[in-house]
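Residue numbering for the sequence shown follows this note's numbering, beginning at 404 and increasing consecutively.
Glycine included, each C-beta is placed from N, C-alpha and C at the ideal position.
Predicted model, so just to flag it, every value in this text is computed and none were measured.
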Amino acid sequence: MTETDTIPEADRLEGFAHPRTVPALIGHERAEHMLLDAYKANHLHHAWLFAGPEGIGKATLAYRFARFLLAQDDGHVADAETMAVAADHPAFSQVAALSHPHLLVLRRAWQPDRKRLATAVSVSDVRRLTRFFGHTAGDAWRVVIIDRADEMNAAAANALLKNLEEPPPRCVFLMVCSAPGRLPGTIRSRSQLLRFAYLPEHQLRAAIESAFDNASLERPDEERIRAVLPLAHGSVRRALQLLAGGGDELYARLIKLMHGLPNVDQQAVHDLADTLGAPGRQASYELFFSLTEDALARIATHAATGEGATRSEEPIAARLKGQPALAKWARLWETVRRTKAEADVLNLDRKNLVLGTFFQLEETARDALQ
Numbered sequence: 404m405t406e407t408d409t410i411p412e413a414d415r416l417e418g419f420a421h422p423r424t425v426p427a428l429i430g431h432e433r434a435e436h437m438l439l440d441a442y443k444a445n446h447l448h449h450a451w452l453f454a455g456p457e458g459i460g461k462a463t464l465a466y467r468f469a470r471f472l473l474a475q476d477d478g479h480v481a482d483a484e485t486m487a488v489a490a491d492h493p494a495f496s497q498v499a500a501l502s503h504p505h506l507l508v509l510r511r512a513w514q515p516d517r518k519r520l521a522t523a524v525s526v527s528d529v530r531r532l533t534r535f536f537g538h539t540a541g542d543a544w545r546v547v548i549i550d551r552a553d554e555m556n557a558a559a560a561n562a563l564l565k566n567l568e569e570p571p572p573r574c575v576f577l578m579v580c581s582a583p584g585r586l587p588g589t590i591r592s593r594s595q596l597l598r599f600a601y602l603p604e605h606q607l608r609a610a611i612e613s614a615f616d617n618a619s620l621e622r623p624d625e626e627r628i629r630a631v632l633p634l635a636h637g638s639v640r641r642a643l644q645l646l647a648g649g650g651d652e653l654y655a656r657l658i659k660l661m662h663g664l665p666n667v668d669q670q671a672v673h674d675l676a677d678t679l680g681a682p683g684r685q686a687s688y689e690l691f692f693s694l695t696e697d698a699l700a701r702i703a704t705h706a707a708t709g710e711g712a713t714r715s716e717e718p719i720a721a722r723l724k725g726q727p728a729l730a731k732w733a734r735l736w737e738t739v740r741r742t743k744a745e746a747d748v749l750n751l752d753r754k755n756l757v758l759g760t761f762f763q764l765e766e767t768a769r770d771a772l773q
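Okay, structure coming up:
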């Protein structure tokens, strides 16, 4: 058992394979070809910013490119059409184990004394670059992956900037990022931006099935996959979280209750609140509020534009008439988000927060849906 099997990792979804062990990339062909073409033309920029929504494959491509660079002898890639590296190649297993001497991964570290992950990528993490680049690499490539770059604190970003300004030869920085606006402009200006988009449904479905296969898990049935596709917003990570956490069932319960607005089934609400407030159900509680916020946003968007809602949300959106109703629904979305955030800070009772959320739904519905 390796260290990576036992220590929690900020960039890993529990129960599923880490991106560095995933052999195939689904989607993002344009991004892969841009990197591959730059490499083959000997015009590879030293710093790349992989920017896009969470959980869509940015890190998977970063590790895929790292394997490709670390496996090459520069003599047989002229005809390469992908960055695929055979699973039995030493570079594949070394990257998977984070044991390759020419690969450095910077991310939020596990703090064993506090038994939690650090809240940011710190300057001490980035200072590992000094030792990494201090070793002679000859003509070999050296790869630095930062996942996620937008989780660096200010001191870490400043330390990284010094390396980006004067990079060693034959090194590549791959910075995975969901919010590039949080990075200093000086870092963005020294990086080649590579934008990633959400996966379309057919690729999302394939990625879900592949993730279950890679984790040696039985694939969900077709009905469950079909139910989470519109809720995942093109994110594989989101889809896997929904499937692993019973998100499809939670969503079905939520929408069934919302169809009764402005008068919801109180016994069903209390049953749901009891479930989410029980010990050991923190993940389901978080998922419930994520689903609620997303549903409110989609319903309001659909009422305003005619697009965006799931099929089960459309009847609710159809009852929202006029700008006053839309404004009230939008304020409800803000209220739910703010109340949830305040409850987290104050460590308030989860069951009461769920009950309060449905009370707010009923109050708003009486004004907006009638």
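Close beta carbons around residue 486, own chain, < 7 Å, minus the five adjacent residues each side:
Here residue 486 is taken as the residue at index 83 of the sequence shown, counted from 1. Around residue 486: 435, 439, 467, 468, 471.
Are residue 736 and residue 690 closer than 7 Å when you measure CB to CB?
Residue numbering aside, residue 736 sits at position 333 when the sequence shown is read from its first letter. Residue numbering aside, residue 690 sits at position 287 when the sequence shown is read from its first letter. It is not a contact, given that the beta carbons lie outside the stated cut-off.
To test your reading of the DSSP string, which unbroken beta strand (DSSP E) runs of 3 or more residues are found completely within the stretch 472-533?
As for any beta strand (DSSP E) of minimum length 3 sitting wholly inside the stretch 472-533, the runs are 506-509, ordered along the chain.
By Cβ distance, which residues of its chain are closer than 7 Å to residue 696, with the 5 residues on each side in sequence left out?
Taking the first residue of the sequence shown as position 1, residue 696 is located at position 293. Result list for residue 696: 736, 739, 740, in chain order.
Could you name the residues of the same chain whose beta carbon sits closer than 8 Å to that of residue 594, not counting the 5 residues immediately before and after it, in chain order?
To locate residue 594, count along the sequence shown from 1; it is residue 191. Counting only Cβ-Cβ distances below 8 Å, and skipping sequence neighbours, we find 448, 450, 451, 452, 567, 576, 578.
Option nearest residue 728 by Cα separation, candidates 498, 611, 661, 703:
Counting from 1 along the sequence shown, the entry for residue 728 is found at position 325. Residue 703 is the option with its Cα nearest to residue 728.
Please name the residue, chosen from 541, 588, 514, that lies closest to residue 596 on a Cα-to-Cα basis.
Here residue 596 refers to the residue found at position 193 when the sequence shown is read from its first residue. Ranking the options by Cα distance to residue 596, first place goes to 588.
Can you tell me which of the three DSSP states residue 545 falls into?
Within the sequence shown, numbered from 1, the residue matching residue 545 stands at position 142. DSSP places residue 545 in strand when its eight states are reduced to three.
Would you identify the three-state DSSP class for residue 425, choosing helix, strand or coil?
On the sequence shown, position 22 is the one that residue 425 refers to. Coil, per DSSP.
Measuring only the C-alpha atoms, how far is residue 474 from residue 610?
What you label residue 474 is simply residue 71 of the sequence shown in a count that begins at 1. What you label residue 610 is simply residue 207 of the sequence shown in a count that begins at 1. So the two alpha carbons sit approximately 25 Å from each other.
For residue 419, which three-state DSSP category applies?
Your numbering for residue 419 matches position 16 in the sequence shown. Note: residue 419 maps to coil in three-state DSSP.
Simplified DSSP state of residue 453, which is helix, strand or coil
In the sequence shown, counting from the first residue as 1, residue 453 sits at position 50. Residue 453 falls in the strand class under three-state DSSP.
When you compare each of 746, 483, 518, 584 to residue 410 by their alpha carbons, which one comes out closest?
Start at 1 with the first residue of the sequence shown, and residue 410 comes out as number 7. Measuring from the Cα of residue 410, the nearest candidate turns out to be 518.
Please name the residue or residues paired with residue 576 in a DSSP beta bridge.
Looking up residue 576 in the sequence shown gives position 173. For residue 576, which the question treats as bridged, DSSP gives the partners 450, 547.
Between the C-alpha atoms of residue 668 and residue 642, what's the straight-line distance to the nearest angstrom?
On the sequence shown, residue 668 is found 265 positions in, with the first residue counted as 1. On the sequence shown, residue 642 is found 239 positions in, with the first residue counted as 1. Answer to the nearest angstrom: the Cα atoms are 28 Å apart.
How far does the beta strand (DSSP E) with residue 598 in it extend, from its first residue to its last?
The count along the sequence shown starts at 1 and reaches residue 598 at position 195. Start and end: 595-598.
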